[in-house]
Amino acid sequence: MLFLLAAFMGCTEDFEEINKNPNFPEQASSELLLPGVLRQMAYNWGNQGWEEGFTVVQYGARLQFTSGDRYNWSPTSDPYNSSYDGLRDIENIIRDNKENPDRQNYYGVGLIVKSWIYSYLTDAYGDVPYTDAIKGITDDNITPEFTPQQEIYDGILADLKTANAALTGAGNISGDILYGGDVLKWRKFANSLRLRLLMRISDVDNSKAVAGMAEIMGDLTTYPIFDSNADAALLQWNPDNPQPKYDTRSGSFDEVRLSLTLETRLKALNDRRLIVFAQPTSNSGKGIYSDNLDDYVGMPNGLDDEAALSYSPSGNPNEVGSNFISRIGILLACRACNVELASATASQTIIMDYSELQFILAEARERNFITIGDAATYYENGIRASFSYYLDRINAGGWNEIAADLQAFDLDGYIAQTTVAYSGTAGEKLEKIALQKWISLFYTGFEAWSDWRRTGMPEVIPGEDAGNDKLVPVRFQYPNEVKSTNNANYQQAVTRMGGDDLNTRLWWDVASNN
Numbered sequence: 416m417l418f419l420l421a422a423f424m425g426c427t428e429d430f431e432e433i434n435k436n437p438n439f440p441e442q443a444s445s446e447l448l449l450p451g452v453l454r455q456m457a458y459n460w461g462n463q464g465w466e467e468g469f470t471v472v473q474y475g476a477r478l479q480f481t482s483g484d485r486y487n488w489s490p491t492s493d494p495y496n497s498s499y500d501g502l503r504d505i506e507n508i509i510r511d512n513k514e515n516p517d518r519q520n521y522y523g524v525g526l527i528v529k530s531w532i533y534s535y536l537t538d539a540y541g542d543v544p545y546t547d548a549i550k551g552i553t554d555d556n557i558t559p560e561f562t563p564q565q566e567i568y569d570g571i572l573a574d575l576k577t578a579n580a581a582l583t584g585a586g587n588i589s590g591d592i593l594y595g596g597d598v599l600k601w602r603k604f605a606n607s608l609r610l611r612l613l614m615r616i617s618d619v620d621n622s623k624a625v626a627g628m629a630e631i632m633g634d635l636t637t638y639p640i641f642d643s644n645a646d647a648a649l650l651q652w653n654p655d656n657p658q659p660k661y662d663t664r665s666g667s668f669d670e671v672r673l674s675l676t677l678e679t680r681l682k683a684l685n686d687r688r689l690i691v692f693a694q695p696t697s698n699s700g701k702g703i704y705s706d707n708l709d710d711y712v713g714m715p716n717g718l719d720d721e722a723a724l725s726y727s728p729s730g731n732p733n734e735v736g737s738n739f740i741s742r743i744g745i746l747l748a749c750r751a752c753n754v755e756l757a758s759a760t761a762s763q764t765i766i767m768d769y770s771e772l773q774f775i776l777a778e779a780r781e782r783n784f785i786t787i788g789d790a791a792t793y794y795e796n797g798i799r800a801s802f803s804y805y806l807d808r809i810n811a812g813g814w815n816e817i818a819a820d821l822q823a824f825d826l827d828g829y830i831a832q833t834t835v836a837y838s839g840t841a842g843e844k845l846e847k848i849a850l851q852k853w854i855s856l857f858y859t860g861f862e863a864w865s866d867w868r869r870t871g872m873p874e875v876i877p878g879e880d881a882g883n884d885k886l887v888p889v890r891f892q893y894p895n896e897v898k899s900t901n902n903a904n905y906q907q908a909v910t911r912m913g914g915d916d917l918n919t920r921l922w923w924d925v926a927s928n929n
């Protein structure tokens, strides 16, 4: 009997090891996890930029189902749930590779993706679970505390610096659908993203922001940054995984039209990017392109459903409705909207690009946060990079007439005109930077919203039927399920932040209209 008991105990001690199936690993490899997270989060980032981001900063306006454009926003689980879904896999990548000297590139990439996701998440809601998050299985903590946003930013900025050092230069990053395993480009993204976030906190923690920017710009060999459009962090979609709007129904695409705000500002500058951002009105009969900017017509933001559907740009009661208002440009068009000309792959999801970085550096130099370079040069680089990017994407879609128009555009003359030229008082220069940055962020709507919240520029004027006491929302409300499943910690965060309200400013927001 004792022999049998001893034998049984010996067997049970090795039970887990004996019953492991070598053909079915218990955890997914980093190579398999990474592309899924990148694809999921890029899709979410692009889609969120289209939904709230696109209309809240007034690139587009809602023709139908206008509640979002009127700030009737409900508590939302997006991007909350998607972010934590992605972060679980990213934490596995970080954990599995951190101590392995041969896998430091995966560790570094994991930290960068984690930093980007958390910046997206905290800039949407404010305080979120961070320090104790993603520990439900290992630490038996399924109700994590919410970390103050300032501490989240401290962690993100530290992780980006660590990531830059961890990336060794050996190209061994399989499953990398963002940079194809190019370690130097990942380092450039880490440091460029760090500059974005340092600028974000520059009005509330200026000493940290200035010190961090000086560190990067003072040693670009150690801390490389984007050098051109080729370095941009963007996801290239393919026919099997098309751009987010390609497979949507035509009604969903057509609900969003060119905003009168964008139309007015671009026409005032004679800015030919309007032919990329919008299509001529159907009434013009010009198809997807016209050489006459008068054929591109927007509508006001923030109209109620009835007013939006009956809006007449000309004021003529016989010229009412969608035929007289421009669709969003062909670059983002759905297949059902234009079967012959829509592209599944020309539009990319931009996480961060070279143009944005140049405008960050222009502002940093103008405000004396950095001493390297010339503000006017950074500013002009940002404008040129934006035009160049859109010309490249239009060429990729094969829309030859639009490409020829952009190619022939006198960009030097555009930059030299008084309303664009880098001249005037310091305040006027900062306004020009903000306006050109806003234009360049057209396909990065969520970041445009964040930058507006930080600077208050360019101005966003709520529509005549806007709700929310005619205040532009400055955050998302927490998902309802968080209130029910983690209520004590939710209440603690809400008390610390000053409320779970669309108008509750985030820690770094000192300039928005609330």
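To convert, note that position 160 of the sequence shown is 575 in this note's numbering; the numbers rise steadily by one, no gaps.
Cβ atoms here follow ideal geometry from the backbone N, Cα and C, with glycine treated the same way.
Using 8 Å as the threshold, is the stretch 714-734 in touch with the stretch 657-665, meaning 3 or more CB pairs across them? Contact fails: fewer than three Cβ-Cβ distances are below 8 Å.
Assign proline 563 to one of two classes, buried (16 or more other C-beta atoms within 10 Å of its C-beta) or exposed (fewer than that). Label assigned to proline 563: buried.
Looking at alanine 647 and methionine 767, is the spacing between their C-beta atoms short of 8 Å? Contact annotation: methionine 767 and alanine 647 have beta-carbon atoms nearer than 8 Å.
Reference aspartate 706; option with closest CA among Arg688, Asn716, Tyr540 and Val543: Arg688
Please classify phenylalanine 561: does DSSP put it in a helix, a strand, or coil? strand
How many angstroms separate the CA atom of glycine 878 from the CA atom of phenylalanine 469? 15 Å
For the stretch 495-502 against the stretch 728-745, are there 3 or more C-beta pairs whose distance is under 8 Å? no
Taking C-alpha atoms, which residue in Tyr540, Ala626, Gly523 and Asn621 lies nearest to leucine 575? Gly523
Which of the three DSSP states, helix, strand or coil, is assigned to alanine 585? Alanine 585 falls in the coil class under three-state DSSP.
Asparagine 796 versus serine 667 - alpha carbon distance: 35 Å
Just the Cα atoms here: how many angstroms apart are aspartate 669 and arginine 518? C-alpha separation (whole angstroms): 46 Å.
For leucine 917 and tyrosine 486, believed in contact at Cβ under 8 Å, the rounded distance: 7 Å
Can aspartate 710 and serine 697 be called in contact, C-beta distance under 8 Å? no
So, using beta-carbon positions, are phenylalanine 641 and leucine 772 closer together than 8 Å? yes
Nearest-angstrom Cα distance between proline 932 and threonine 792? For the chain, the structure presents residues 416 to 929; residue 932 sits outside this window and is missing.
Option nearest asparagine 579 by Cα separation, candidates Thr834, Glu630, Ile532 and Thr491: Glu630
On the DSSP bridge assignment, give the partners of methionine 714 in chain order. Ser674
Please list the terminal residues of the continuous alpha helix (DSSP H) segment that includes glycine 501. Run containing glycine 501: 495-512, per the alpha helix (DSSP H) assignment.
Suppose the cutoff is 7 Å on Cβ atoms and the five residues either side in sequence are ignored; what does the same chain contact list for tyrosine 846 look like? For the record, residue 846 in the displayed sequence is glutamate; it is not tyrosine. Leaving aside the five residues that flank glutamate 846 on each side, the residues in its chain whose CB is nearer than 7 Å to its CB run, in chain order, Met872.
Taking the straight line between their C-alpha atoms, what separation do you get for threonine 900 and isoleucine 557? So the alpha carbons of these two residues sit roughly 9 Å apart.
How many Å lie between isoleucine 509 and valine 671 at the Cα? 39 Å
Tell me which residues share the same chain as tyrosine 594 and place their Cβ nearer than 7 Å to its Cβ, disregarding the 5 neighbours each side in the sequence. Lys600 and Trp601
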